[in-house]
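Student:
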Amino acid sequence: MSKQKSITELIKDAAKKSKVGAYNKEDATHKRKVAWPLDCNIGPGLEGATACETKIGYINGARGQMIYRGYDIFDLCANSTFEEVSYLLQNGNMPSEKQLNAYKKKLTEYRSIPNTLRTLLGFEIENMHPMAALRLGTNLMRHRLTWKDSDSARPLAEEAIAADEDSIPMETQPYGEKHAKYEFKKHKTGRPADVRTTTDDGESRDTCIRLISGTATLTAAIARIREDKLPIDPDPTLGHAANFIYMMTGRKPTKEEERVMDVCLILHADHGMNASTFASLVVASTLSDIYLSIGAGIAALSGPLHGGANEAVIKMLEKIGPAKNVEAWFKKKTKKKEKIPGFGHRVYKAYDPRALILAPLAKRLTADEHGEGSVFDTANKLEDLVVKTLGKEKGIYPNVDFYSGLVYRSMGIPDAMFTPIFAVSRVSGWTARITEYLQNNRIFRPRAAYTGDFGKKYVPLKKR
Ligand code: ACO
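Take any residue in the sequence shown, count from 1 to its spot, add 4: that is its number in our numbering.
1) If I measure Cβ to Cβ from SER116 and keep anything under 8 Å in the same chain, skipping five residues before and after, which residues do I get?
2) May I ask whether a heavy atom of ligand 1 can be found less than 7 Å away from the beta carbon of ILE318?
3) With a threshold of 7 Å, establish whether the CB of ILE270 neighbours any heavy atom of ligand 2.
4) Have a look at SER432 and SER90 and give me their C-alpha separation to the nearest angstrom.
5) Taking the beta carbon of CYS44 as the centre, do at least 16 other beta carbons fall within 10 Å, making it buried, or is it exposed?
6) What residue range is occupied by the uninterrupted beta strand (DSSP E) comprising LYS63?
7) Roughly how many whole angstroms lie between the Cα atoms of VAL199 and ASN444?
8) How would you label ILE318, buried or exposed, when you count the other beta carbons within 10 angstroms and need 16 or more for buried?
9) For the stretch 94 to 149, which segments carrying the alpha helix (DSSP H) assignment without a break, of at least 4 residues, lie completely within its bounds, in sequence order?
10) Under three-state DSSP, which class holds PHE448?
11) Taking 7 Å as the cut-off, is the beta-carbon of ALA53 closer than that to any non-hydrogen atom of ligand 1?
12) Please classify VAL428 as buried or exposed, where buried requires at least 16 neighbouring CB atoms within 10 angstroms.
13) Between which two residues does the beta strand (DSSP E) holding MET70 run?
14) Taking 7 Å as the cut-off, is the beta-carbon of VAL411 closer than that to any non-hydrogen atom of ligand 1?
15) Per the DSSP calculation, ASP419 is bridged to which residue(s)?
16) For SER414 and LEU362, which I take to be in contact (beta-carbon distance under 8 Å), what is that distance rounded to the nearest angstrom?
17) Just to confirm my understanding: we take THR12, look at its own chain, exclude 5 residues before and 5 after, and list those with CB closer than 7 Å. What are they?
18) Following the continuous alpha helix (DSSP H) through TRP333, name the residue where it begins and the one where it ends.
19) Can you name, in chain order, every residue of its own chain whose Cβ lies under 6 Å from the Cβ of PRO308, other than the five neighbours on each side?
20) Secondary structure at PRO424, three-state DSSP: helix, strand or coil?
21) Using only the alpha-carbon positions, how far apart do ALA166 and SER208 sit?
22) Any contact between the stretch 438 to 455 and the stretch 287 to 298? By contact I mean 3 or more CB pairs, one from each, below 8 Å.
23) Expressed to the nearest angstrom, what Euclidean distance is found between the alpha-carbon atoms of ILE400 and TYR75?
24) Return helix, strand or coil for ASP210, following the three-state DSSP convention.
25) Can you grab the Cα-Cα spacing for the pair GLY102 / GLU128, in whole Å?
26) Among all the DSSP beta bridges, which residues are the ones paired with PHE347?
27) So what does DSSP say about TYR441, is it helix, strand or coil?
28) Measuring only the C-alpha atoms, how far is ALA453 from VAL463?
29) Can you tell me where the alpha helix (DSSP H) with ASN247 in it begins and where it stops?
30) Beta carbon of PHE347: closer than 7 Å to some heavy atom of ligand 1?
31) With respect to the alpha helix (DSSP H) encompassing TYR295, which residues constitute its N-terminal and C-terminal limits?
32) How big is the Cα-Cα spacing for PRO134 and GLY68?
33) Using only the heavy atoms of ligand 1, determine whether one of them is closer than 7 Å to the beta carbon of ARG73.
34) Whole angstroms are fine: how far does the CA of GLY276 sit from the CA of HIS349?
35) Could you check which residue in ARG468, PRO450 and LYS461 has the C-alpha nearest to that of GLY52?
36) Check the C-beta distance from LEU394 over to GLU331 and give it rounded, since I have them as a contact under 8 Å.
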């Protein structure tokens with residue numbers, strides 16, 4: 005019998021299937037100095053708009069390319085760990101051994117949040133969607149750990165003022181505004197210095213690490229409370245991924261499970277200016293605090309068009325049943341022009357590199373169940389069919405959510421926890437981007453084009 009490939013080898017094989025190898029070079033156009041204000045075509049939902057500069061992550065949807073701080077995602081998944089990658093995202097460089105050990109020590113220290121969990125237990129978590137519970141939990145962390153909620157801890161309004169109004173009329177379509185004078189102010193509106201340096205508040209590095217570590221503990225606790233079990237204390241001898249599985253399932257993971265969870269956490273850590281990252285930046289830009297900003301990210305991620313798709317995928321696969329049903333089901337769906345969860349992406353019009361990595365991992369972890377009737381076989385058949393038809397026609401391929409649920413399920417993780425796991429990882433990207441954005445803060449303030457009426461007269465209630 006041939007030797008089974010390691011997870012690293014599976015990832016290296018997946019890398020060969022992507023187009024990235026040929027492209028993983030510097031793209032000269034991205035080294036250009038950004039000359040603000042930009043001239044760009046903007047669609048509804050701000051599609052096409054560039055809101056800020058970043059050095060954190062890059063994605064190229066046509067190539068299926070994804071980079072964190074210059075490192076290719078396949079390279080990171082094959083060789084790195086979540087701890088190292090989250091350090092990279094936060095700090096901009098790979099840590100030395102000493103730096104990594106110090107970072108891990110902090111994650112271990114902050115993993116234990118007994119006071120927050122005690123308060124959380126006072127709520128009806130079992131009846132709440134886990135993303136709502138997670139949002140509540142991060143708020144409780146803020147309440148417990150931070151920010152004295154006193155006026156002295158708040159940014160001073162006069163220092164923080166960012167122009168909410170422009171010199172041109174707002175809420176109108178930009179007719180002839182090419183020549184209008186915008187107030188693209190040079191001045192920075194970051195946190196006042198005294199708030200910035202408070203360890204327990206704002207965007208300080210420690211708070212980011214607290215949130216990265218605490219979100220995993222909260223998610224694991226929520227999973228257990230939903231099953232009428234008490235939260236489990238973290239094990240200081242385990243790393244982030246292993247601890248997360250352990251605190252959630254009560255079982256120490258195998259080496260392979262730990263490695264796969266680590267890869268999943270690396271894969272989901274950051275992804276451009278997606279809806280949840282944008283939501284967290286919008287809140288941060290008002291000089292609210294980082295806990296509330298992360299809460300906004302969690303809220304945005306919970307929707308079925310964003311992070312919520314992974315749960316929808318499993319429900320769909322179960323509804324389809326055995327692989328032999330896929331064709332008939334697919335025909336019906338396409339006839340009704342319905343979207344298929346786990347496929348398509350606003351940015352990727354090629355294979356999402358994350359799906360390329362997750363597919364073989366899902367296959368490996370569900371190997372015992374393969375055969376007619378297995379969920380993996382149904383997924384595989386559906387992927388083939390969609391790629392052959394919609395892939396060619398419209399650039400619709402599997403996205404990150406298509407296989408992640410199968411991976412988590414194979415580890416005994418309940419379906420409702422799939423989206424919170426996304427947040428456990430993405431909190432590293434959110435915090436890194438918030439920290440970066442606040443260095444040169446500008447309150448987000450796009451416009452809406454008013455297409456309603458004018459001149460209506462108020463009619464008293466009794467006369468309507
Ligand atoms: N299944 C079938 N057709 C699709 C799908 C899909 N999943 N996604 C897009 N299309 C089709 C659309 O019907 C449309 O066809 P048309 O041009 O004939 O009208 C065309 O592709 C373009 O679709 P848009 O909706 O304009 O694409 P958009 O970029 O707005 O949508 C989105 C991206 C929201 C992710 C969409 O593909 C979708 O709803 N997918 C399913 C939900 C999902 O998996 N979300 C997770 C995304 S990954 C993430 O957020 C972590």
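Glycine residues also receive a C-beta, built at the ideal position from the N, C-alpha and C atoms.
Quick caveat: nothing in here was measured; it's all calculated off a predicted structure.
Tutor: Well, looking at it:
1) Around SER116: THR221, ASP237 and PRO238.
2) Shortest gap from the CB of ILE318 to any heavy atom of ligand 1: 7 Å or more.
3) Of the ligands one can find in the structure shown, namely ligand 1, none is ligand 2.
4) A direct Cα-Cα distance of roughly 6 Å separates SER432 from SER90.
5) exposed
6) Correcting the residue identity first, residue 63 is Ile in this sequence and not Lys. Here the beta strand (DSSP E) through ILE63 covers 61 to 64.
7) A caution first: VAL199 carries a pLDDT of 43, below 50, which makes its placement in the model too unreliable to give a value.
8) ILE318 sits buried, since 16 or more C-beta atoms from the chains shown fall within 10 Å of its C-beta.
9) 101 to 115, 118 to 124 and 134 to 149
10) If DSSP states are grouped into helix, strand and coil, PHE448 belongs with coil.
11) no
12) buried
13) Element bounds for MET70: 69 to 72.
14) no
15) Beta-bridge pairing links ASP419 to no other residue.
16) Not quite, the Cβ-Cβ distance comes to about 12 Å (not below 8 Å), so this is no contact.
17) ALA82
18) 330 to 339
19) ALA316
20) helix
21) Note that ALA166 has pLDDT 42, beneath the 50 cutoff, so the model's placement of it is unreliable and the number below is only indicative. Rounded to whole angstroms, the gap between the alpha carbons of ALA166 and SER208 is 22 Å.
22) Remark: three or more beta-carbon pairs, one from each stretch, lie closer than 8 Å, so the stretch 438 to 455 and the stretch 287 to 298 are flagged as touching.
23) C-alpha separation (whole angstroms): 26 Å.
24) Per DSSP, reduced to three states, the secondary structure at ASP210 is helical.
25) Looking at the sequence shown, residue 102 is not Gly but Lys. So the two alpha carbons sit approximately 42 Å from each other.
26) PRO402
27) helix
28) 26 Å
29) 244 to 253
30) PHE347: yes, Cβ under 7 Å from ligand 1.
31) 294 to 305
32) 31 Å
33) no
34) 13 Å
35) Nearest option by C-alpha distance: PRO450.
36) Cβ-Cβ separation between LEU394 and GLU331: approximately 14 Å, too far for a contact (criterion under 8 Å).
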